[in-house]
Amino acid sequence: MIDKLIRISIKNRIFILILTAGVTIIGFYNAYQLSIDAIPDITNVQVSVVTQSPGLSPVEVEQFITYPIEMELTGVPHVTEIRSISRTGVSSVTVIFKDGTDIYFARQLINERLRAAEAVIPKGYGSPELSPIATGLGDIYEFVLTSDRHNPEELRTYMEWELAREIKSTEGIIDVNIIGGEARQYQIKIDPQRLAVHNITLSQLCDKLETANQNTGGGYISKSAEQIVIRGESQFKTVDEIRNVAVQTERDGVPLLLGQIATVETGPALRFGLMTKDAKGEVVGATAMMLMGQNSLEVVKRVKEKVEVLRARLPEGMKIVTFYDRSEFIGRTLGTIFTNLAEAAVLVIIVLIFALGTVKGALLVSLSIPIPMLAATIFMRMFGIVGNLMSLGALDFGLLVDGTIVMLESVLHGFILKQAFYEQQNSQEDRKLAAEQIITDSCVRVARAAAFSVGIILLVYLPLMTLEGVEGRMFKPMAMTVAISLAMALLFSLTTFPAAASILFQTPIFHHSKFWDRAEEIYMRLLDFGMANKKIFLRAGIGVFVVSLILGSTLGSEFLPRIDEGEFAIDIKRLPSTSINYSRDTNMEMERVLATFPEVTSVVSKMGRGESAAEPIGTEEGESMVKLLPPKEWTSASSRDELMDKMKDAILKSVPSSTISLSQPIENRVNALLSGSKADVVIKIYGDDLQTLKETAAKFADKIKKVPGAADLRVQRVLGLPLIQIKADRQKMARYGVAAEEILTTVESLRIGRKAGKVFEGFKRFDLVVRLQLDVSDLDKLENIPVMTSTGVTVPLGQVATIEFVEGPAAIYRESLKRRIMVETNVRGRDLVGFVNEAQKVTADIEKNLPEGYRTDWGGQFENFQRAKNRLLMVVPIALGIIFVMLIAAFGNIYYAAGVFIVVPLAVAGGIIGLVLRGLPFSIPAGVGFIAVSGIAVLNGVVYASTLKEELEKGITISKAVLSAGLHSLRPVMTTEIIAAVGFIPMAISTMAGAEVQRPLATVVIFGVIVATVLSRVLLPIVMEFLLNIYQDQERRKEARKRKLESEFQASRARERLPETLEEVSWDSEEFQEEQEEVVSSKSKRSKNGVKKRK
17 MIDKLIRISI KNRIFILILT AGVTIIGFYN AYQLSIDAIP DITNVQVSVV
67 TQSPGLSPVE VEQFITYPIE MELTGVPHVT EIRSISRTGV SSVTVIFKDG
117 TDIYFARQLI NERLRAAEAV IPKGYGSPEL SPIATGLGDI YEFVLTSDRH
167 NPEELRTYME WELAREIKST EGIIDVNIIG GEARQYQIKI DPQRLAVHNI
217 TLSQLCDKLE TANQNTGGGY ISKSAEQIVI RGESQFKTVD EIRNVAVQTE
267 RDGVPLLLGQ IATVETGPAL RFGLMTKDAK GEVVGATAMM LMGQNSLEVV
317 KRVKEKVEVL RARLPEGMKI VTFYDRSEFI GRTLGTIFTN LAEAAVLVII
367 VLIFALGTVK GALLVSLSIP IPMLAATIFM RMFGIVGNLM SLGALDFGLL
417 VDGTIVMLES VLHGFILKQA FYEQQNSQED RKLAAEQIIT DSCVRVARAA
467 AFSVGIILLV YLPLMTLEGV EGRMFKPMAM TVAISLAMAL LFSLTTFPAA
517 ASILFQTPIF HHSKFWDRAE EIYMRLLDFG MANKKIFLRA GIGVFVVSLI
567 LGSTLGSEFL PRIDEGEFAI DIKRLPSTSI NYSRDTNMEM ERVLATFPEV
617 TSVVSKMGRG ESAAEPIGTE EGESMVKLLP PKEWTSASSR DELMDKMKDA
667 ILKSVPSSTI SLSQPIENRV NALLSGSKAD VVIKIYGDDL QTLKETAAKF
717 ADKIKKVPGA ADLRVQRVLG LPLIQIKADR QKMARYGVAA EEILTTVESL
767 RIGRKAGKVF EGFKRFDLVV RLQLDVSDLD KLENIPVMTS TGVTVPLGQV
817 ATIEFVEGPA AIYRESLKRR IMVETNVRGR DLVGFVNEAQ KVTADIEKNL
867 PEGYRTDWGG QFENFQRAKN RLLMVVPIAL GIIFVMLIAA FGNIYYAAGV
917 FIVVPLAVAG GIIGLVLRGL PFSIPAGVGF IAVSGIAVLN GVVYASTLKE
967 ELEKGITISK AVLSAGLHSL RPVMTTEIIA AVGFIPMAIS TMAGAEVQRP
1017 LATVVIFGVI VATVLSRVLL PIVMEFLLNI YQDQERRKEA RKRKLESEFQ
1067 ASRARERLPE TLEEVSWDSE EFQEEQEEVV SSKSKRSKNG VKKRK
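Structure (structure tokens):
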């Protein structure tokens, strides 16, 4: 089939070239339309359920909202994990599904269960809502609105009803989360004494307002040919309308207006979050969230275009300032990818020209780089593969051009062998046909080997396709991209190359390369020396491998190298009792400290959460985004870790009451997706009692802080939130005739306010709330708040309720239906896995003595590394075993396959040496490099073994054949290995954004190829000679045994036919005479019969 494909391609060369051009054009279109991002989105399939219930404490939120929702969602198909957070006024339950579950199907399943959960949640405690369909890395664009002429309420109103609404309508944006400023409310501030004078309860007043603030319809009337709709309108539009609401009619018939007993005005809602910028005061910020599955680069582009349109409409004095733009990071990483690919392509073309000795041949081979890659983008879009640092950055041009190089080498070699045949042709047309025949035969001769080689490489990458979880989402697209590109490159070498070669090489090239002649001469001297000193080279090879294993044991390990995002993210945690105003002041102080670093260009800080509660954190928690100059312009520090340490020390000196950790924006979000925490390493402790969890976590923290590399260590604060607990006294309530509803309404109206409807200003809508106009700064004032009884008199709140200060949970975290607390730490200055291993050793005694019913779990990137390592340790040997079986089937015996595999340990040894020399820890990208270099090593071993088999089939001895095979395979093997190494050089030395991920992979391949090439070119002939001599000896012994058995068999048959001695012979003359007479009689009969027939 492959042979026919090549012959058809050459016969229909024009059609094939037009088809290739068409595919290339389609590839360009698909490359332009391909979804682009900086790194793979590792977000698992998750659905978040958020319920807001202002005023409830964390314990009440857990009891009445979180727990019922968790119980209803337990048992939903395909769910792997449920975790939740219960905070003051908000519950967030995150449900994680198996990979591959359709997100819309998952949301449908959750929606169905939420109906049952709503029936269990008490009335008035909030309604569960699904969070937007956005990924964990969906916050792609963030900006602030500032002004010197507008107050926080005006900024917030304009942001919410003008800017956010417009940006949310942008294609690809699912939501806009607003934080900061002051949300506008229509507030009715009630004096409880005046209510008491007029014998009105707070509940009655709220009901009256809700009734008065309505519109209704009265149907329609028909008048002649017209139909007229009847409409009743009573909704509030202004403050004055609210003031003039008649609350009741007094005894003298005079209406009591609301304005007589309350102050009606607009004011700010109770805040749960704020934002500051560059220590200049508060600002209003917004985050544009991208819809899952969208092209982030295109979506950001559309958002920026919309922002420019909105910027032109801003009221005088307002400014939009962007502080996070994902496209900047994407642009830097794409710049790294394309720069490295372009530099690699140039280097590969130069090497091809030099190695092949023909410019047009080298240029033809170089087309097997862009054309297969463009064709691959068609399938990338088809399979939903996003172009990013992993999927595009791991392409090896050496592998792409390998099959085409084999084809071209075969064609050039064929020209030299058939030079006499070509020159015998007389006419120009005959010579063209002869050249075409030579090209066809040459391509057909090596086509199966080229296809077999690609099959080996695809099998080598097979283990990456079996990865699951985060590592699967990270590396599966890369493996698929490489596999698709290799398949397209093979198709190019079997179709486009023969077609183009039959046109370009109508006049064959007959010449020898002086470079290769010299290289072969030097190599043969080295090989002769190696064959004469086999033990030296064998010991050298074994020594290199053993030394590499010893060095490898000293390597650290990590899941992924840290990518320099160009920005810092500072995670801030304070005491749970910290007020929002104090958080604002310390934020601004921290921003002033950071501004003293010349590397910092801007700082934006967020505390608490926005009103959407997308991220349920308290006012004591927050994050600062620090924008930096490029590293080459840094003066305070020479590395990222050093700058982080200096910043942390400076902040803690100025703001000592805070706990901070420094990381990067995307890195923070990735960590939060993995384990629910933004730290590198997390120890989760599960149990029921919060106090026991807190004490156990403190023990772990005391041990871990002594482990070298621990940074930003902190224990999750679950206790310490001061509460004013107002507990109704049922007996006293009955004695005084006070309804529970009246007490609860009074408590709700203290600060948050009781909602009494909405007020519309055009398309804008604002809450109408009722609040008590009281100073409740201490217990005495709270106790004296008047509460209406059923008899129309008032009693102090302290008479019917117990009021006291207590300490309660700041937040309750749950996972797998159990409460949990986390000990969090970042790791700096050492490898992640080594740190975790040491930390687990020093905390082993604590884990053994955990209270009954309590358990621990270590999470973070360490968990992903372990899972990926275990999977690869299982699958890689299986893949190599399959390759080994394929080699046995291809060569016909196990000795060739064993000889080919001797190159793999040398390549692995080279990769380990490369990591050690460059000071890089082992990581999953390095593991990918080991997989790739093993494939290259096997591939080149196959080339040598194939050449050796051909030489032996000529009838020459093994000792001569191994030398001849080494000589004949030197050029194709060296060419492919040099190109493989050269193609990775830009990745290995790049210092651009994202190069941190490519560096380990490139280092392993380059050093692995170098060591394997240098040693295997001598060791492989030595080993193959040894193995084939064993094979030949075994064959000789088999042949000898076969001949011996055959001779014994013949002798046995002879013994059955003849007597062994003369003595055993007995003659019976009478019997002999009778036998002779029978013979004569039978002959006579046959003679007579013959005469009759003739007659």
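Each number in the working numbering comes from the position in the sequence shown (counting from 1) with 16 added on. C-beta atoms are modelled at their ideal positions from N, C-alpha and C, and glycine is treated no differently.
Checklist entry - L125 to K492, Cα distance in whole Å? => result In the sequence shown, residue 125 corresponds to position 109, counting from 1. In the sequence shown, residue 492 corresponds to position 476, counting from 1. Taken atom to atom, the span from the alpha-carbon of L125 to that of K492 is near 27 Å.
Next on the checklist: If the criterion is Cβ atoms closer than 8 Å, does the pair F553 and I112 meet it?
Outcome noted: Looking up residue 553 in the sequence shown gives position 537. Looking up residue 112 in the sequence shown gives position 96. No, the pair does not count as a contact, with Cβ atoms beyond the cut-off.
Checklist entry - Name the DSSP bridge partner or partners of L678? => result Taking the first residue of the sequence shown as position 1, residue 678 is located at position 662. Paired residue(s): I586.
Checklist entry - Run through DSSP, which three-state label would G927 get? => result Start at 1 with the first residue of the sequence shown, and residue 927 comes out as number 911. G927: helix per DSSP, three-state reduction.
Checklist entry - Considering only residues of the region 695–774, which uninterrupted beta strand (DSSP E) runs meet the minimum length of 3 residues and lie entirely inside it, listed in chain order? => result Counting whole runs of 3 or more residues, the region 695–774 contains the beta strand (DSSP E) stretches 697–703, 726–731 and 735–744.
Checklist entry - The beta strand (DSSP E) with G876 in it runs from where to where? => result By one-based count along the sequence shown, residue 876 stands at place 860. R871 to G876 is the span of the beta strand (DSSP E), which, as asked, contains G876.
Checklist entry - Relative to the alpha-carbon of R835, which residue among F821, V822 and Y870 has its alpha-carbon at the smallest distance? => result Position 819 of the sequence shown, counting from 1, holds the residue named residue 835. Of F821, V822 and Y870, the residue nearest in Cα terms is Y870.
Item to check | Beta-carbon proximity of I387 to T617, cut-off 8 Å | outcome: Working through the sequence shown from its first residue, we reach residue 387 at position 371. Working through the sequence shown from its first residue, we reach residue 617 at position 601. Their beta carbons are not under 8 Å apart, which means I387 does not touch T617 by this criterion.
Item to check | Nonlocal neighbours in the same chain, by C-beta distance under 6 Å from V460, ignoring five residues either side | outcome: As a working note, residue 460 is residue 444 in the sequence shown. These residues qualify, in order along the chain: D19 and I22.
Next on the checklist: Quick check: the Cα distance between A964 and E537, rounded to an integer number of angstroms?
Outcome noted: Against the sequence shown, residue 964 aligns to sequence position 948. Against the sequence shown, residue 537 aligns to sequence position 521. Note on identity: in this sequence residue 964 is Leu, with Ala being the wrong assignment. Spanning the alpha carbons of L964 and E537 requires a straight line of approximately 19 Å.
Item to check | Close-in-space but distant-in-sequence residues of the same chain around I519 (CB under 7 Å, 5 per side omitted) | outcome: Along the sequence shown, one-based indexing puts residue 519 at 503. Apart from sequence neighbours up to five positions away, the residues of its chain that approach I519 with a beta-carbon distance below 7 Å are R29, ordered along the chain.
Checklist entry - If you count every other CB in all the chains shown that lies within 10 Å of the CB of T511, and 16 or more means buried, which is it? => result Taking the first residue of the sequence shown as position 1, residue 511 is located at position 495. That one is buried.
Checklist entry - Out of P144, A328 and L788, which has the shortest C-alpha to C-alpha gap to S69? => result The count along the sequence shown starts at 1 and reaches residue 69 at position 53. The shortest C-alpha separation from S69 is found at P144.
Next on the checklist: Between which residues of its own chain and I929 is the CB-CB distance below 7 Å, once the five residues before and five after are set aside?
Outcome noted: On the sequence shown, residue 929 is found 913 positions in, with the first residue counted as 1. These residues qualify, in order along the chain: S564, L567, F1023 and V1027.
Next on the checklist: For V1107, which residues in the same chain have their Cβ closer than 7 Å to its Cβ, ignoring the five residues on either side in sequence?
Outcome noted: For the purposes of this step, residue 1107 is identified with residue 1091 of the sequence shown, where counting begins at 1. Bear in mind that a pLDDT of 41 at V1107, under 50, signals an unreliable position, so the number given afterwards is only what the model happens to contain. Cβ within range, chain order: n/a, list empty.
Item to check | When E966, M902 and I24 are compared against V470, the one with the closest alpha-carbon | outcome: Translated into the one-based positions of the sequence shown, residue 470 becomes position 454. Nearest C-alpha to V470: M902.
Checklist entry - Measuring CB to CB, does R883 end up less than 8 Å from E574? => result Within the sequence shown, numbered from 1, the residue matching residue 883 stands at position 867. Within the sequence shown, numbered from 1, the residue matching residue 574 stands at position 558. Going by beta carbons, R883 and E574 fall outside the 8 Å limit.
Next on the checklist: So, at 6 Å on beta carbons, what are the nonlocal neighbours of V300 in its own chain, with the 5 sequence-adjacent residues on each side left out?
Outcome noted: In the sequence shown, counting from the first residue as 1, residue 300 sits at position 284. Only L161, L171, R172, M175, G196 and G197 meet the Cβ criterion.
Checklist entry - With a CB to CB cut of under 7 Å and the five nearest residues on each side skipped, what residues in its chain are close to G951? => result Counting from one through the sequence shown, the residue named residue 951 turns up at place 935. Taking G951 as the centre and dropping the five residues before and after it, the same chain places the C-beta of I472, I473 and V476 closer than 7 Å to its C-beta, in chain order.
Checklist entry - Helix or strand or just coil, what does DSSP make of Y539? => result Reading the sequence shown from its first residue, position 523 is the one you call residue 539. DSSP places Y539 in helix when its eight states are reduced to three.
Item to check | Cα-Cα separation, P724 to V697 | outcome: Along the sequence shown, one-based indexing puts residue 724 at 708. Along the sequence shown, one-based indexing puts residue 697 at 681. Distance from the CA of P724 to the CA of V697, rounded to the nearest whole angstrom, comes to 14 Å.
Next on the checklist: Mapping the DSSP letters down to three states, classify R99 as helix, strand or coil.
Outcome noted: Here the question's residue 99 lines up with position 83 in the sequence shown. Strand at R99.
Checklist entry - Is it a yes or a no for the region 199–212 touching the region 272–289, going by three-plus beta-carbon pairs under 8 Å? => result Touching, yes, given that three or more Cβ pairs across the two stretches are closer than 8 Å.
Checklist entry - Can you name, in chain order, every residue of its own chain whose Cβ lies under 6 Å from the Cβ of F1000, other than the five neighbours on each side? => result Position 984 of the sequence shown holds residue 1000. If we look at F1000 and ignore the five residues flanking it on each side, its Cβ neighbours are A1018, V1021 and I1022.
Checklist entry - Beta carbon of E683, beta carbon of V642: below 8 Å? => result Along the sequence shown, read from residue 1 onward, the residue named residue 683 stands at position 667. Along the sequence shown, read from residue 1 onward, the residue named residue 642 stands at position 626. Cβ distance not < 8 Å, so E683 and V642 don't count as in contact.
Checklist entry - Can you name the start and end residues of the alpha helix (DSSP H) that A450 belongs to? => result For the purposes of this step, residue 450 is taken as residue 434 along the sequence shown, with counting starting at 1. Where A450 is concerned, the enclosing alpha helix (DSSP H) starts and stops at Q444 to M481.
Item to check | Proximity below 8 Å, CB of M1008 to CB of T355 | outcome: Position 992 of the sequence shown, counted from the first residue, corresponds to residue 1008. Position 339 of the sequence shown, counted from the first residue, corresponds to residue 355. Inclusion of M1008 and T355 in the CB contact set at 8 Å is warranted, their separation being smaller than that value.
Checklist entry - Do the CB positions of R787 and I119 come within less than 8 Å of each other? => result The residue given as residue 787 occupies position 771 in the sequence shown. The residue given as residue 119 occupies position 103 in the sequence shown. No, these two residues do not count as a Cβ contact at 8 Å.
Item to check | Per-residue DSSP class, three states only, for F521 | outcome: Within the sequence shown, the letter at position 505 stands for residue 521. In the three-state scheme derived from DSSP, where H, G and I count as helix and E and B as strand, F521 is classed as coil.
Next on the checklist: If you follow the alpha helix (DSSP H) that K551 is in, where does it begin and where does it stop?
Outcome noted: The residue you call residue 551 lines up with position 535 of the sequence shown. Taken as a continuous stretch (DSSP letters only), the alpha helix (DSSP H) holding K551 covers K550 to G568.
Checklist entry - Which residues bound the beta strand (DSSP E) around D294? => result Counting from 1 along the sequence shown, the entry for residue 294 is found at position 278. No beta strand (DSSP E) contains D294, which DSSP labels as neither H nor E.
Checklist entry - Quick one: complete beta strand (DSSP E) runs, 3+ long, within the region 821–884? => result Taken in chain order, the whole beta strand (DSSP E) runs of length 3 or more contained in the region 821–884 are 827–831, 834–843 and 871–876.
Checklist entry - Whose C-alpha, out of R129, Q220, V77 and E88, is nearest the C-alpha of I101? => result The sequence position of residue 101 within the sequence shown is 85, counting from 1. Nearest Cα to I101 within the set R129, Q220, V77 and E88: V77.
Checklist entry - Under a three-way DSSP split, which group does D1049 fall into? => result Within the sequence shown, numbered from 1, the residue matching residue 1049 stands at position 1033. Reduced to three states, the DSSP call for D1049 is helix.
Checklist entry - What are the boundary residues of the alpha helix (DSSP H) that V3 is part of? => result Any question about residue 3 goes unanswered here, given that the chain covers just 17 to 1111.
Item to check | Beta bridge counterpart(s) of L363 as assigned by DSSP | outcome: Within the sequence shown, residue 363 is the residue found at index 347, counting from 1. None; L363 has no bridge partner.
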